[in-house]
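So in my numbering, the last spot in the sequence shown is 221, and the numbers never skip.
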Amino acid sequence: MARRSAPPGSGPAYVPKNPAVGRRLVDPDESAFSRFLREEVWAPEKLPGNISIVTGVGVFFADALLMVVHMYRVSH
């Protein structure tokens with residue numbers, strides 16, 4: 146069966162009709178740190194990678210803590 150295409154002139158389906166919809170106004174008094182958190186940490190397109198990094202770092206430190214506790218118990 147043939148695939149149906151979108152009507153002519155409809156544009157790509159993934160582009161919103163109004164690009165300003167969903168955007169928040171930028172606070173002029175926002176600090177550089179707050180802007181960094183908003184744009185780099187909490188941004189939806191970067192969140193999966195950030196969660197992966199936090200998970201890896203958390204597992205690393207949990208393992209290091211378990212090793213220290215184990216070595217302490219073995220030596221005493």
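Cβ atoms here follow ideal geometry from the backbone N, Cα and C, with glycine treated the same way.
Output the distance between the C-alpha atoms of F181 and L211, rounded to the nearest integer angstrom.
Taking the sequence shown and counting its residues from 1, the one referred to as residue 181 is at position 36. Taking the sequence shown and counting its residues from 1, the one referred to as residue 211 is at position 66. One C-alpha to the other measures close to 33 Å.
If you run the structure through DSSP and keep just helix, strand and coil, what is E190?
As a first step, residue 190 must be located in the sequence shown, where it is residue number 45. Coil, per DSSP.
Residue range of the alpha helix (DSSP H) that S179 falls in?
As a working mapping, residue 179 is identified with position 34 in the sequence shown. Per DSSP, S179 belongs to the alpha helix (DSSP H) from A177 to F181.
Quick check on DSSP: helix, strand or coil for V204?
Along the sequence shown, read from residue 1 onward, the residue named residue 204 stands at position 59. In this structure, V204 counts as helix in the three-state DSSP scheme.
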